[in-house]
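For reference, the structure is listed below as structure tokens.
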Amino acid sequence: MVLITDVHQSTFPYIGNDGNNCNLGPDSKPIDFFYLFLNRDVIELIVRETNRQAKKYKKDWVDTDHLEIKKMLAIVMYTELVPYPKLSDYWCRKLLYKNSYVPLLIPRNRFQLLLRFFHLANNDDILDHDRLGKIQPLIDMLVKTYNDAKIPGENVVIDESMIPFRGRLIFRQYLPNKSSKYGIKLYKLCDSIGYTYKIIIYSGKDSNISLQTDFPVARNVVMKLMEGYLNEGRTLIIDNFYTSIILAHTLLQNKIHMVGTLRKNVRELPKDVLNAKIKRGEIKGKANSDSVVACIWKDKRDVRMISTKHGINILETGKK
């Protein structure tokens, strides 16, 4: 087994201040961690916008409040854990369906009204072309809570994830390599233990993330997700959907190392390296004047990589 040794003459070591920001101790309960993210501000958003929407259609609407919204969300989560054929079955008095938990929280008709008018944004403020306008306020709040609770360390990862969904939606995606092939695609910034710091929902080629600059979508995604974490010497690990020489240079200018896999057909990279015929265990690579290294390494198959943190010297580490 071989490892590429770190020979990059970096002038920007990691200087971030990572760690937990929450004030929860060892005696904290699971609900305390839950409310770190679904905090009072998030509940207030749901209460305010749901009441606003309901009053447009029901003059006799009785305002909901924080407690009732929490009960409603509890029922929604419960229905996922204990599925019944129909929503109304959770209030059914028949012995087969009798449920002693849900009916005590909210009457059925009131719950259905809350679902009908459930809102996260003021419709009057949503632009016609904004496909995420109805949920963006919630996303922004959740991302803030993620970042308030924890600061990422030196190594971060950007990757895609899918929210399973087979309904009608203009930006529903099909990703055959994912366990859930149909759904809503997310771009996520995570750390080495899988904690999520930021998310971007992909809403199609005409989305805001696609139209921000003249850069490709992949590069826009990376720079958007890395906002707030630049110039601290972090290392970003990404796959071949994002990697490019131009992105490597852009990140270096912002004191971020980049490590990732490469596609075979990347235009700006040396073809004699990416198409090299090598034996198992061998490595071949080149570095430019900015210490951007492109290399190919063979294990069971060819692995093409790019790094602004490593050289192409190898170190024997013994057996696997």
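Read in order, the letters of the sequence shown correspond to residues -16 to 303 in the numbering used here.
Yeah, the Cβ is synthetic: ideal placement off N, Cα and C, and Gly gets one too.
Fair warning: this is a prediction, and the values are worked out from it, not measured in the lab.
With respect to the beta strand (DSSP E) encompassing residue i, which residues constitute its N-terminal and C-terminal limits?
| i | result |
| --- | --- |
| Asn138 | 138 to 147 |
| Leu158 | Counting along the chain, Leu158 falls outside any beta strand (DSSP E), and DSSP gives it neither H nor E. |
| Lys168 | 165 to 174 |
| Leu70 | Run containing Leu70: none; DSSP gives neither H nor E here. |
| Arg287 | 285 to 290 |
| Ile279 | 276 to 281 |
| Ala270 | 266 to 270 |
Where do the N-terminal and C-terminal ends of the alpha helix (DSSP H) with residue i fall, by residue?
| i | result |
| --- | --- |
| Asp24 | 23 to 38 |
| Ile18 | The identity of residue 18 in the sequence shown is Tyr, whereas the question assumes Ile. Here the alpha helix (DSSP H) through Tyr18 covers 13 to 20. |
| Ala231 | 228 to 236 |
| Met60 | 49 to 64 |
| Leu219 | Per DSSP, Leu219 belongs to no alpha helix (DSSP H); it is in the beta strand (DSSP E), 218 to 221. |
Let me confirm a value: residue i is counted as buried when at least 16 other C-beta atoms fall within 10 Å, else exposed. Which label applies?
| i | result |
| --- | --- |
| Met288 | buried |
| Gln236 | exposed |
| Leu194 | Interpretation of Leu194 is limited by its pLDDT of 47, a score under 50 that renders its predicted location unreliable; no figure is taken from the coordinates. |
| Tyr40 | exposed |
| Phe94 | buried |
| His49 | exposed |
| Ser83 | exposed |
| Cys173 | buried |
| Ile29 | buried |
| Asp24 | exposed |
| Gly211 | exposed |
| Lys181 | buried |
| Pro304 | Outside the shown range of the chain (-16 to 303) lies residue 304, about which nothing can therefore be said. |
| Ile176 | exposed |
Could you check which residue in the options has the C-alpha nearest to that of residue i?
| i | options | result |
| --- | --- | --- |
| Lys283 | Val256, Glu265, Gly294, Gly211 | Glu265 |
| Gly216 | Met241, Asp285, Lys53, Val204 | Met241 |
| Gly270 | Leu121, Ser290, Ile261 | It should be noted that the sequence gives Ala, not Gly, for residue 270. Cα-wise, what sits closest to Ala270 is Ser290. |
| Phe20 | Ser83, Asp123, Tyr67 | Asp123 |
| Asn152 | Ala132, Leu115, Thr33 | Contrary to the premise, residue 152 reads as Leu rather than Asn in this sequence. The option with the nearest alpha carbon to Leu152 is Leu115. |
| Tyr162 | Ile176, Glu143, Tyr180, Gly177 | In the sequence under discussion, the amino acid at residue 162 is Ser, which differs from the Tyr named in the question. If we check each option's Cα against that of Ser162, Glu143 comes out closest. |
| Leu87 | Arg99, Ala104, Glu51, Leu121 | Glu51 |
| Asp46 | Gly243, Phe101, His112 | Phe101 |
| Leu98 | Trp74, Ile109, Ile58, Lys127 | Ile58 |
| Asn3 | Gly211, Asn130, Pro199 | Asn130 |
| Glu234 | Asn248, Asp255, Lys207, Lys254 | Inspection of the sequence shows that residue 234 is occupied by Leu rather than by Glu. Nearest C-alpha to Leu234: Lys207. |
| Ile(-2) | Ser175, Ile183, Glu137, Thr226 | Glu137 |
Here's a check: name, in chain order, each residue in its chain whose Cβ is nearer than 8 angstroms to the Cβ of residue i, leaving out the five neighbours to either side.
| i | result |
| --- | --- |
| Gln156 | Met145, Tyr165, Gly166, Ile167, Lys168, Tyr185 |
Using 8 angstroms for Cβ pairs, my map puts residue i next to residue j. What's the rounded Cβ distance?
| i | j | result |
| --- | --- | --- |
| Ile141 | Tyr170 | 7 angstroms |
| Leu252 | Ile279 | In fact, because the Cβ distance is near 10 angstroms, the residues do not count as touching under 8 angstroms. |
| Lys238 | Leu213 | 7 angstroms |
| Val275 | Ile228 | 6 angstroms |
| Asn223 | Arg246 | 5 angstroms |
| Arg149 | Asn105 | Actually they do not touch by this definition, with Cβ atoms about 30 angstroms apart. |
Leaving out the 5 sequence neighbours to the left and right, which residues in its chain are closer than 6 angstroms to residue i when beta-carbon positions are compared?
| i | result |
| --- | --- |
| Ile(-13) | Here Ile(-13) scores only 43 on pLDDT, less than 50, and its place in the model is too uncertain to base an answer on. |
| Arg202 | Leu230 |
| Val286 | Trp280 |
| Ile118 | Leu103 |
| Met55 | Leu97 |
| Pro(-4) | Gly216 |
So, for residue i: in the same chain, excluding its five sequence neighbours on each side, which residues have a beta-carbon less than 7 angstroms away from its beta-carbon?
| i | result |
| --- | --- |
| Tyr80 | Tyr67, Asp72 |
| Lys38 | Trp44 |
| Asn0 | Ile134 |
| Glu32 | His102, Leu103, Ala104, Asn105 |
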